[in-house]
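There are 2 protein chains.
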Amino acid sequence: MSEGKIVNGVNVDKLFGTIDAVKDAPDIAKFKFRANNKWVKGGHNNTTIKEFYGAQKDNAHEKPFELDADEPPLLLGEDKGPNPVEYALTALAACVTTSLVYHAAAKGIEIRGVESRLEGDLDLRGFLGISEDVPVGYENIRVYFKIDADISDEQKEYLIQMGQKYSPVFNTISNATPVSVQLDK
Amino acid sequence: MSEGKIVNGVNVDKLFGTIDAVKDAPDIAKFKFRANNKWVKGGHNNTTIKEFYGAQKDNAHEKPFELDADEPPLLLGEDKGPNPVEYALTALAACVTTSLVYHAAAKGIEIRGVESRLEGDLDLRGFLGISEDVPVGYENIRVYFKIDADISDEQKEYLIQMGQKYSPVFNTISNATPVSVQLDK
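Chains as they are written, first to last, in my numbering: chain A, 1 to 185; chain B, 1001 to 1185.
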């Protein structure tokens, strides 16, 4: 149904069209992403993702997405969903992958498969308020990619570099991002 | 079935028991969270969360969690799931909420409800490689909390402060966190 050249499932004609449109009118590129969360009980809470602002208008998702988070029993929850730090790894994995795939598409590099595994070190003495000397957040996150494509290891390394460089979540995590938290009275 | 005093759905006797155990043996608190991601097509990929290391052993979730990420049509995807930066907001909302609720429980403060809404500013000129002058990640994230409890606004503000201070995802995002991305040959 769609028109344009498709590489890796990405319509590259539309991608280049978007890039040209943004060059002419940078405000198109100013997005606001949104989420609503509701606490259920203990470590269990539910996030709804339903709309975002971009291309100078509000846009609804086809249907709202509902995401349950919880803690496993070892962390005093009931395991009704991944926990928040597992959602953070999910965001990172998804973002570097998308960034890598879109970048490859723009370069005309066809990819058959991409898999990644992630591991992050977290010392819960921070969360538990036991020590002020350990970081409360992840101390370190490692991401390992496998790419199935007819390209050299050097080209795979290059795609991984591009995946990081242009990934919004990678940059949100690896740089200090301002977060303000306020009481809505 | 469970033993111990429950506040806000959190077993505070177990929480204080965990804190005491960690004080005696800090290695118990060293966790490794893990995720596996597989690309599907275009902006669509799937993350599996199935196990983590903590309390000096590998621990399986009761069942693996599968999370689809995709981009909306405006960003050249098919809207099969929230996009990666929406997952990042989900992680942040869930984490500050859990941190706030557990902290309130530890202080014996009963809460009836917690809701939050989040908004993050993202200029896609970074992702699209159009400008090196705009951040690729979120420029700013705002979180607004509503707390339903028989406490003063000052106490609510205090809980929000504690929610931030002890939230692993808040700290992962608001501080620069090292992320290494490598090719798994």
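From the three backbone atoms N, C-alpha and C, an ideal C-beta is built for every residue, glycine too.
Could one say the Cβ of residue i lies closer than 9 Å to chain A's Cβ atoms, at least one of them?
i	result
Gly1120(B)	yes
Glu1110(B)	no
Lys1185(B)	yes
Only counting the same chain, and skipping five residues up and downstream in sequence, which positions put a Cβ closer than 6 Å to that of residue i?
i	result
Ser99(A)	Gly163, Tyr166, Ser167
Glu71(A)	Gly43, Gly77, Asn83
Ser174(A)	none
Lys1156(B)	Ile1147
Ser131(A)	Arg125
Ile141(A)	Gly120
Asp68(A)	Asn46, Lys80, Gly81
Asn1036(B)	Thr1048
Leu159(A)	Leu100, Ala104
Met1(A)	Bear in mind that the predicted position of Met1(A) carries a pLDDT of just 47, short of 50, making it too unreliable to give a figure here.
Phe145(A)	Ser116, Ile160
Trp39(A)	Asn45
Quick one: what's got a C-beta closer than 8 Å to residue i's C-beta in the same chain, skipping five residues either side?
i	result
Thr1090(B)	Pro1082
Gly1126(B)	Val1134, Pro1135, Val1136, Gly1137
Val1143(B)	Leu1092, Ala1093, Val1096, Ser1116, Arg1117, Leu1118
Val79(A)	The question names Val, but residue 79(A) in the sequence shown is Asp. Asp70, Glu71, Pro72, Pro73.
Val1085(B)	Gly1120, Leu1122, Tyr1138
Asp1013(B)	Glu1003, Gly1004, Lys1005
Leu1015(B)	Tyr1102, Ala1105, Ala1106
Asp58(A)	Glu51, Phe52
Answer with yes or no whether the minimum CB distance from residue i to chain B is below 9 Å.
i	result
Asp150(A)	no
Glu157(A)	yes
Lys146(A)	yes
Glu115(A)	yes
Glu3(A)	no
Lys107(A)	no
DSSP state of residue i, grouped into three classes?
i	result
Lys30(A)	strand
Lys1014(B)	helix
Ala1021(B)	helix
Glu1115(B)	strand
Asp121(A)	strand
Ala35(A)	strand
Glu1003(B)	coil
Give every residue of the same chain whose Cβ lies closer than 7 Å to the Cβ of residue i, excluding the five residues on either side of it in the sequence, and list them in chain order.
i	result
Asn1008(B)	Val1101, Ala1104, Ala1105, Glu1110, Ile1111
Gln1056(B)	Asp1027, Ile1028
Ile1151(B)	Ile1109
Arg1034(B)	Glu1051, Phe1052
Show which residues of chain C have a CB atom less than 8 Å away from the CB atom of residue i.
i	result
Ala104(A)	Protein chains A and B are contained in the structure displayed, whereas chain C is not.
Considering only heavy atoms of the ligand ZN, does any lie closer than 8 Å to the CB of residue i?
i	result
Asp1079(B)	The ligand ZN is not among the ligands present in this structure, which contains no ligands whatsoever.
Complete runs of the beta strand (DSSP E) confined to the segment 1125-1173 of chain B [at least 3 residues]: 1140-1148
Sequence ranges, beta strand (DSSP E) only - wholly within the segment 1041-1111 of chain B, length at least 3: Qualifying beta strand (DSSP E) stretches, in chain order: 1044-1054, 1057-1069.
The segment 37-61 of chain A: positions lying closer than 7 Å to chain B by Cβ: Residues passing the 7 Å Cβ filter: Asn37, Lys38, Trp39, Lys41, Gly42, Gly43, Asn45, Thr47, Ile49, Gly54, Ala55, Asn59, His61.
Residues in the segment 1016-1029 of chain B having any Cβ partner in chain A nearer than 9 Å: Thr1018, Ile1019, Val1022, Lys1023, Pro1026, Ile1028, Ala1029
Short-range partners of chain A found in the segment 1078-1098 of chain B, where Cβ spacing is below 8 Å: Asp1079, Gly1081, Pro1082, Asn1083, Pro1084, Val1085, Glu1086, Tyr1087, Ala1088, Leu1089, Thr1090, Ala1091, Leu1092, Ala1093, Ala1094, Cys1095, Val1096, Thr1097, Thr1098
Residues in the segment 1163-1176 of chain B having any Cβ partner in chain A nearer than 9 Å: Gly1163, Gln1164, Lys1165, Tyr1166, Ser1167, Pro1168, Val1169, Phe1170, Asn1171, Thr1172, Ile1173, Ser1174, Asn1175, Ala1176
Cβ-based contacts, 9 Å cut-off: residues of the segment 124-144 of chain A near chain B: Within the segment 124-144 of chain A, the residues whose Cβ lies closer than 9 Å to some Cβ of chain B are Leu124, Arg125, Gly126, Phe127, Leu128, Gly129, Ile130, Ser131, Val134, Pro135, Val136, Gly137, Tyr138, Glu139, Asn140, Ile141, Arg142, Val143, Tyr144, listed in chain order.
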